[in-house]
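Trainee: Going by our numbering, the letters in the sequence shown line up with residues 187 to 689, in that order. Attaching a single structure in structure tokens format; questions to follow.
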Amino acid sequence: MIDLSATSLLAKLQSGEVSSEEVTAAFLDRINAVESRVGAFLKVNSESAMQAAQAVDKKRRSGAPLGKLAGIPIAVKDILCTEGEATTCGSRMLEHYVPPYNATVVEHLLASDAIVIGRTNMDEFAMGSSTENSAYKPTSNPWDLERIPGGSSGGAAACLAAAMAPLSIGTDTGGSIRQPAALCGVVGLKPTYGRVSRFGLVAFASSLDQVGPMATTVEDTALLLETIAGHDRRDSTSAKIDVPQYTASVNSPLENLTIGVVPSHYQDGLDTEIESAVKEAIRVYESLGARIKEIEMPHAQYGIATYYFIAPFEASGNLARYDGAHYGYRTDQQTMLDELSEEANQTDGAGESPLVRMYRKSRSEGFGSEVQRRVMLGTYALSEGYYDAYYLKALKVRRLIRADYDSAFDQVDCILGPVTASPAFRRGEKTNDPLAMYLEDLYTVNANLAGVAGISLPCGLTSENLPIGLHLQAAPFQEEKLLKVANMYQSATDWHTRRPEIQ
Ligand code: GLN
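This is the structure:
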């Protein structure tokens with residue numbers, strides 16, 4: 187059962203061949219068997235998931251109308267507020283934060299009768315590309331436990347690859363859905379900015395953040411997007427645009443498909459096995475009748491520099507609320523007061539005020555080093571004298587990147603390329619080199635800067651048996667087209683059916 191897609195499981199649930207209780211128990215058994223090696227979850231809802239499954243089975247027997255995901259287990263990234271459940275964002279800062287409300291996406295899942303099976307591990311506040319920045323534990327890549335699963339939605343990708351859940355929810359600010367999906371051999375879609383409500387999503391960089399679906403097939407991705415997308419009056423950035431029935435069209439190929447390829451994607455630094463796999467995917471599309479057109483994205487090369495200003499700018503503002511007074515972790519008051527009085531005795535002068543000391547210590551102890559680096563970068567670059575040089579300049583470049591996409595989408599339906607420059611790396615390999623870590627997002631950040639849609643799907647394995655991802659991007663609100671085009675590839679290949687042998 188655990189190897190079936192959500193769509194196949196739904197058919198079995200509907201025909202009465204299996205119950206949600208059986209399906210949920212099968213995934214919980216799998217979690218018991220492999221989670222200690224993978225570490226994808228921060229919390230597993232063993233009891234409440236079984237209760238919810240029984241309730242859905244009962245509802246089904248009663249003949250009451252059921253939601254789109256009735257009885258299907260799903261894992262949720264620990265950054266979406268869930269009423270009554272600790273929502274930590276992988277940070278000590280929020281270790282004891284229990285939201286009094288549900289994120290809109292969580293509400294959609296509950297209304298669809300899905301079974302929330304657990305909360306997945308992530309880089310602290312979604313800052314990272316390896317899930318090594320979680321304050322709680324690293325997550326392993328199920329294909330090679332010594333390697334990282336990507337990030338920041340590393341737990342969300344790893345739980346799918348290890349068959350611990352058939353569906354999961356991730357978030358993507360600069361690649362955090364697509365990069366881990368690529369490195370774990372699963373499917374992940376970053377919707378257009380505004381497609382999915384961000385209400386109840388703990389903010390990292392508000393002009394870039396999007397919530398999105400992760401699954402093992404394109405069809406399941408369509409199903410989950412259909413469940414969570416749509417306007418929400420509680421998120422003023424969510425778009426008032428109808429949500430198409432993605433599942434109704436995902437199996438019909440796109441006629442007269444033109445695919446754009448960008449020659450500069452294939453320059454130095456791209457792993458040769460990834461290059462061959464992506465070029466092979468281009469040939470698959472050609473054999474399906476697609477026209478391939480070379481396009482230029484002249485400002486793509488500035489994406490990383492632009493992103494690593496804009497994301498920290500916004501993060502430094504969003505994270506200011508975690509000061510030990512309003513929200514989150516607070517340093518031990520007595521120790522702090524003792525320290526201050528000892529210092530006052532020694533220096534016999536006024537030092538730091540108790541309030542400033544409390545802020546400083548709470549933030550130094552509550553945030554990990556990558557989060558502190560981002561806050562400092564953002565605050566520095568926004569400070570007087572630097573604002574124009576960094577912030578305004580970054581916004582101008584961002585506009586040029588968007589213009590590149592606009593002219594590309596005048597000529598092609600989708601842009602095809604790699605998701606990552608290399609396959610999953612070993613744990614610890616990039617920890618001391620933040621720039622190398624930032625380059626993980628080379629191919630993904632531009633979609634966020636421009637607000638377009640992007641999907642990663644499996645397109646090969648390296649000689650070391652590590653997954654390779656194929657990146658397709660489409661114009662804003664063209665998810666329907668993106669899913670169709672992705673599914674054309676998936677229907678012609680079987681990479682998405684490969685599963686790792688967990689050592
Ligand atoms: N890896 C990128 C970063 O660290 C993107 C993270 C994300 O998309 N949340 O900022």
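Glycine included, each C-beta is placed from N, C-alpha and C at the ideal position.
If we define contact as Cβ-Cβ less than 8 angstroms, is G249 a contact residue for chain D?
Mentor: In the displayed structure, chain D is absent; only one protein chain is listed.
Trainee: Hey, would you say G537 sits closer than 8 angstroms to E528, going by beta carbons?
Mentor: no
Trainee: What distance in whole Å lies between the Cβ atoms of T325 and G314, which are believed to be in contact at a cut-off of 8 angstroms?
Mentor: Contact doesn't hold; Cβ gap of about 11 angstroms is too wide.
Trainee: Between the region 340 to 355 and the region 401 to 414, are three or more C-beta pairs nearer than 8 angstroms?
Mentor: Output reads yes: the region 401 to 414 touches the region 340 to 355.
Trainee: For I217 and V638, I'd like the C-alpha separation in whole angstroms.
Mentor: Taking the CA atoms as reference points, I217 sits about 35 angstroms from V638.
Trainee: Based on DSSP bridge pairs, tell me the residues matched to H451.
Mentor: Residue pairing for H451: DSSP places it in no beta bridge.
Trainee: Look up S613 in the DSSP assignment and give the residues it is bridged to.
Mentor: For the record, residue 613 in the displayed sequence is Arg; it is not Ser. None; R613 has no bridge partner.
Trainee: With 16 as the cutoff for other CB atoms within 10 Å, does H282 come out buried or exposed?
Mentor: Flag for H282 reads exposed.
Trainee: Is M400 near the ligand NAD, in the sense that its beta carbon is under 7 angstroms from a heavy atom of that ligand?
Mentor: For the ligand NAD, the structure offers nothing, since it holds only the ligand GLN.
Trainee: CB of M562 to nearest heavy atom of the ligand GLN: below 7 angstroms?
Mentor: no
Trainee: Would you list the residues sitting across from E480 in a DSSP beta bridge?
Mentor: Looking at the DSSP output, E480 shares a beta bridge with V447.
Trainee: Please state whether the Cβ-Cβ distance between K670 and V436 is less than 8 angstroms.
Mentor: yes
Trainee: Output needed for V220: all residues of its chain with C-beta closer than 6 angstroms, excluding positions within five of it in sequence on either side, in chain order.
Mentor: A348 and I688
Trainee: Return the CA-CA distance between S462 and P540, expressed in angstroms with no decimal places.
Mentor: 60 angstroms
Trainee: Examine the Cβ distances between the region 550 to 557 and the region 266 to 284 and report whether three or more of them are shorter than 8 angstroms.
Mentor: yes
Trainee: Would G416 and L369 qualify as a contact pair, given that the criterion is a beta-carbon distance under 8 angstroms?
Mentor: no
Trainee: Leaving out five residues before and five after E269 in sequence, what residues of the same chain have Cβ atoms less than 7 angstroms from its Cβ?
Mentor: P285, P286, Y287 and N288
Trainee: Please list the terminal residues of the continuous beta strand (DSSP E) segment that includes A660.
Mentor: P653 to A660
Trainee: Please say whether R549 and E332 have beta carbons closer to each other than 8 angstroms?
Mentor: no
Trainee: Below 7 angstroms, is the gap between the Cβ of E412 and the nearest heavy atom of the ligand GLN?
Mentor: no
Trainee: What does the alpha-carbon distance come out to for the pair A486 and G455?
Mentor: 15 angstroms
Trainee: Extract the residue ranges of the alpha helix (DSSP H) inside the region 341 to 375, only unbroken runs of 4 or more that lie entirely within it.
Mentor: 364 to 370
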